[in-house]
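S.K.: Sharing a structure here in structure tokens format.
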Amino acid sequence: MLFSMRVFLKIFGFFLFFLAFSMLGLRLFFYDTFSFVTNRILHGASDLNNARTELVIGFPDRIISLNPTSYLASDRARLVNIYETLIRTDANLRIEPSLALSWGRIDDTTYQFELRPNVLFHNGERLTSADVEASFSYARKYPYSQISHLVASMKSFQALDDLTFRVTTLYPDPLFLNKLTAVFILPKTFVFNDADGLVTDEKNDSYEQNKVSTFRSAEIDEENFDTQPAGTGPYQLFTFDKTTSALELKRFDSYWGKKSSFEYVSLLSLEDKNERIRSVQNGALDILAAVPASLVFELQSYDVNIITYPSLEVNFLVLNASNLIPHNIFTKKKAREAVSLAINKDELVKFTQQYVTPHDQFVSSGVFGYDPTLSPYSYDIEKATALMREIEHFVRVPLTVDLPTGLESFGKYLSDQMYEIGFSPTIQYHSLDELQKKIASGTSQMYIFGWRSELGDSNDFFESVVHSKHNYSESTGFQNDIAFSYGQFNGSNYSNPQVDQLIEESLKNMNTEGRLSQLHQIMKILVNDDIFGIPLFESQVIYATNPKVHFEPRLDGLIYAQNISLRPL
387 MLFSMRVFLK IFGFFLFFLA FSMLGLRLFF YDTFSFVTNR ILHGASDLNN
437 ARTELVIGFP DRIISLNPTS YLASDRARLV NIYETLIRTD ANLRIEPSLA
487 LSWGRIDDTT YQFELRPNVL FHNGERLTSA DVEASFSYAR KYPYSQISHL
537 VASMKSFQAL DDLTFRVTTL YPDPLFLNKL TAVFILPKTF VFNDADGLVT
587 DEKNDSYEQN KVSTFRSAEI DEENFDTQPA GTGPYQLFTF DKTTSALELK
637 RFDSYWGKKS SFEYVSLLSL EDKNERIRSV QNGALDILAA VPASLVFELQ
687 SYDVNIITYP SLEVNFLVLN ASNLIPHNIF TKKKAREAVS LAINKDELVK
737 FTQQYVTPHD QFVSSGVFGY DPTLSPYSYD IEKATALMRE IEHFVRVPLT
787 VDLPTGLESF GKYLSDQMYE IGFSPTIQYH SLDELQKKIA SGTSQMYIFG
837 WRSELGDSND FFESVVHSKH NYSESTGFQN DIAFSYGQFN GSNYSNPQVD
887 QLIEESLKNM NTEGRLSQLH QIMKILVNDD IFGIPLFESQ VIYATNPKVH
937 FEPRLDGLIY AQNISLRPL
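This is the structure in structure tokens:
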């Protein structure tokens with residue numbers, strides 16, 4: 387995918403560091419995962435074209451964690467085959483039943499759900515309301531959860547029976563059902579050390595765990611999820627090699643839904659470009675996901691299908707206007723405006739072989755909250771130069787830009803443009819892990835970022851990336867769970883009280899027209915008034931697939947192995 391931004395979506399914030407390497411059990415045919423991956427790449431996969439019991443999918447990025455509370459795109463791309471949610475979306479992001487067979491809204495803050503009967507977890511336990519309750523608690527209270535913001539509006543949980551429960555929210559939440567499509571359900575025994583559940587805390591009027599101490603420790607969680615995760619999905623974990631980040635799944639024969647076509651699914655991490663080329667050339671892969679546009683021409687010479695599909699992803703530059711960075715020129719609006727005027731978005735298409743569309747806002751045009759009437763800044767290099775001269779006429783202004791390795795062509799273009807208008811730019815290239823840490827620290831002056839609006843609504847972006855960061859006090863901790871959810875991925879230290887208020891009000895507004903107006907106000911402030919950053923382009927997702935495999939892309943970019951089959955001979 388363009389600029390390898392798929393893995394870069396929603397990545398900075400809370401991410402997990404593994405403390406120990408867990409050796410996995412014996413393989414079915416007694417070879418380890420490393421040799422399995424090496425043989426696939428070097429020698430191909432002739433067995434795949436014969437017995438066809440295994441599906442092999444290659445990704446350009448590594449797994450960071452198998453913990454179900456990870457919100458990293460690279461992790462969730464694998465986890466959706468192991469875990470399931472109460473409700474899900476189809477390929478076009480329309481909500482449909484999953485573990486919840488039906489649901490309804492009793493009033494603006496109360497929802498009732500009916501679970502699908504006779505659903506089994508991979509560990510043999512039967513799904514009940516208590517498991518849903520525990521999963522919500524885990525998503526909210528696990529110290530390293532990256533999806534706490536999705537359940538922050540929950541106030542109380544009431545199990546009416548094993549298959550029926552009600553959830554009450556603190557306030558009317560127009561995106562409540564959308565958020566549930568990202569909360570995986572796992573067994574209560576996998577979350578707690580005992581049977582303690584959840585209660586409503588009358589003092590704080592919020593949804594709390596009865597005893598925080600009942601949570602398993604972070605170390606135990608990571609070990610369990612890496613070796614024996616228990617979801618309800620069509621596939622269960624067979625082996626996971628942390629060294630190669632290779633994951634092999636086995637079909638779960640007690641799955642409640644349709645039987646998958648393949649008994650085994652191998653999910654490989656191929657970070658090296660040459661590995662990807664070899665794996666396609668040798669027929670080692672059935673699907674190569676997130677193909678960089680730069681590889682398309684070369685891949686077309688092999689016996690593969692190239693599939694392009696629209697995404698909900700927008701890539702943009704973020705400008706850190708904080709005083710926390712010494713001598714930061716971006717505290718001046720004129721400097722931010724100059725950068726916005728100096729970038730010719732049409733030129734950027736040259737770096738992407740036409741697989742992107744120039745864009746002017748921070749969410750895709752198909753996302754609720756996009757404002758078609760907004761007039762952004764247009765390319766004007768002369769005006770940009772004049773603005774910079776008003777700031778500093780005689781001396782070039784230092785500027786540091788942080789980019790992921792692989793964006794050298796874009797970095798060269800950006801450096802040339804910044805130099806032309808009066809900056810003395812330094813482009814720093816980082817591995818994805820290093821860049822995550824740099825952005826999370828709030829010390830990057832300018833960086834590229836991408837956001838996929840998987841909920842189909844711009845509030846997800848505003849709440850997570852734009853809202854002021856949650857306030858933390860050593861004496862009182864986080865003010866509350868809702869405050870904790872704000873600004874989880876705000877790496878630029880952006881803060882505007884008016885924008886914060888609009889975001890918080892829109893999160894509670896059940897009036898569609900009124901909420902849309904609020905979202906448009908926020909977008910105008912970010913694009914025109916404050917110049918939070920510079921939207922660059924909407925990207926397309928590119929796949930290379932084995933012609934023998936039937937595969938249909940989704941708007942959210944996820945690959946469900948269960949929905950892949952062989953084409954008739």
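For the sequence shown, my numbering begins at 387 and goes up steadily by one. Yeah, the Cβ is synthetic: ideal placement off N, Cα and C, and Gly gets one too.
(1) If distances are taken between C-alpha atoms only, which option among V651, K720, V518 and P811 comes closest to K574?
(2) Ignore the nearest five residues each way along the sequence and tell me which others in L561's own chain have a CB closer than 8 Å to its CB.
(3) Compare the Cα-Cα distances from T439 to each of D942, I533, N509 and Y650 and report the closest residue.
(4) In the structure shown, what three-state DSSP assignment does V677 receive?
(5) Pull up the distance between the alpha-carbon of G617 and that of N714, whole angstroms please.
(6) Shortest alpha-carbon distance to L458 belongs to which of P933, F875 and V690?
(7) Where does the unbroken beta strand (DSSP E) through H816 begin, and where does it stop?
(8) Going by Cα to Cα distance, which pick from K527, R474 and N706 is closest to I834?
(9) Under a Cβ-count criterion, where at least 16 other Cβ atoms within 10 Å of its own Cβ denotes burial, should H535 be classed as buried or exposed?
(10) So what's K910 in DSSP terms, helix, strand or just coil?
(11) Which residue wins for smallest C-alpha separation from V885, given the options Y872, G836, N897 and Y530?
(12) Suppose the cutoff is 8 Å on Cβ atoms and the five residues either side in sequence are ignored; what does the same chain contact list for T717 look like?
(13) Output the boundary residues of the alpha helix (DSSP H) element that contains R491.
(14) From which residue to which residue does the alpha helix (DSSP H) around K731 run?
(15) Taking the alpha carbon of V619 as the reference point, which residue from Y756, L487 and K644 has its own alpha carbon closest?
(16) N709 by DSSP, collapsed to three states: which one?
(17) Under a Cβ-count criterion, where at least 16 other Cβ atoms within 10 Å of its own Cβ denotes burial, should T555 be classed as buried or exposed?
(18) Report the partner residues of V442 according to the DSSP bridge assignment.
(19) Thinking Y557 and S531 are a contact (beta carbons under 8 Å), I'd like their distance in whole angstroms, please.
(20) Taking the CB atoms as reference points, tell me whether M909 and G755 lie closer together than 8 Å.
(21) CA-CA distance, E661 and L654?
(22) Let me know the secondary structure DSSP gives A459 once reduced to three states.
(23) When you compare the segment 457-472 with the segment 926-944, are there three or more beta-carbon pairs, one atom per stretch, that lie closer than 8 Å?
(24) Let's see if you can read the secondary structure: which residues bound the beta strand (DSSP E) around T555?
(25) May I ask you to report which of helix, strand or coil DSSP gives S854?
(26) Report back the beta-carbon spacing between F522 and V537 to the nearest angstrom; my notes put them in contact at under 8 Å.
(27) Does the segment 924-944 come close enough to the segment 661-681 to have 3 or more Cβ pairs within less than 8 Å?
(28) Measuring only the C-alpha atoms, how far is V553 from L546?
(29) Tell me which same chain residues have a C-beta within less than 8 Å of the C-beta of I492, skipping the five on either side of it?
(30) Spell out a yes or no on whether the segment 784-804 and the segment 718-733 are touching, meaning 3 or more CB-CB pairs, one atom from each, closer than 8 Å.
(31) If I follow the unbroken beta strand (DSSP E) through R953, where does it start and stop?
(32) DSSP three-state call for S925: helix, strand or coil?
(33) Apart from the five residues just before and just after S646, which ones in its own chain have a Cβ nearer than 6 Å to its Cβ?
(34) Please look up how many angstroms separate the CB atoms of E723 and G836, rounded, as I've assumed it's under 8 Å.
(35) Check whether the segment 913-921 touches the segment 760-779, counting contact only when three or more Cβ pairs, one atom from each stretch, lie closer than 8 Å.
M.R.: Checking against the coordinates, here is how it stands:
(1) It is V518.
(2) Only L841, D843, N845, D846 and L893 meet the Cβ criterion.
(3) Selected option, being the one with the closest Cα: Y650.
(4) It is coil, neither helix nor strand.
(5) In a straight line, the C-alpha of G617 is about 47 Å away from that of N714.
(6) Here the closest residue by C-alpha is F875.
(7) Segment F809 to H816, the beta strand (DSSP E) holding H816.
(8) Of K527, R474 and N706, the residue nearest in Cα terms is N706.
(9) Sixteen is the threshold: when 16 or more other Cβ atoms of the shown chains lie within 10 Å of the Cβ of H535, as they do, the residue is buried.
(10) K910 carries a helical assignment under DSSP once its states are collapsed to helix, strand and coil.
(11) Ranked by how close their Cα comes to the Cα of V885, the residues Y872, G836, N897 and Y530 have Y872 in first place.
(12) A707, S708 and N709.
(13) First-last for R491: A486 to D493, but that is the beta strand (DSSP E), not the alpha helix (DSSP H).
(14) Per DSSP, K731 belongs to the alpha helix (DSSP H) from K731 to L734.
(15) In the sequence as displayed, the identity of residue 619 is Gly instead of Val. When each option's Cα is compared against that of G619, the closest is K644.
(16) Three-state DSSP puts N709 in coil, outside helix and strand.
(17) Classification for T555: buried.
(18) Answer is S652.
(19) Between Y557 and S531 a beta carbon distance of about 21 Å is seen, past the 8 Å cut, so the two are scored as non-contacting.
(20) In contact: M909 and G755 (Cβ atoms closer than 8 Å).
(21) Going from the Cα of E661 to the Cα of L654 covers about 11 Å.
(22) Helix, per DSSP.
(23) Per the Cβ contact rule, the segment 457-472 is in contact with the segment 926-944 (3 or more Cβ pairs under 8 Å).
(24) First-last of the beta strand (DSSP E) with T555: T550 to T555.
(25) If DSSP states are grouped into helix, strand and coil, S854 belongs with coil.
(26) For a cut-off of 8 Å, the C-beta gap from F522 to V537 is around 5 Å, short enough to register as a contact.
(27) Touching, yes.
(28) If I take the Cα positions, the gap works out to 11 Å.
(29) Excluding residues within five positions, the ones whose Cβ falls inside 8 Å are Q498 and R552.
(30) The segment 784-804 vs the segment 718-733: in contact.
(31) Element bounds for R953: n/a, residue is neither H nor E.
(32) Looking at S925 - three-state DSSP - the assignment turns out to be strand.
(33) Cβ-Cβ distances below 6 Å link S646 to P620, R637 and Q948 in the same chain, with the five nearest sequence neighbours on each side left out; the list follows chain order.
(34) A Cβ-Cβ distance of about 23 Å is found for the pair E723 and G836, leaving them out of contact under the 8 Å criterion.
(35) Three or more Cβ pairs closer than 8 Å define a contact, and the segment 913-921 meets that threshold against the segment 760-779.
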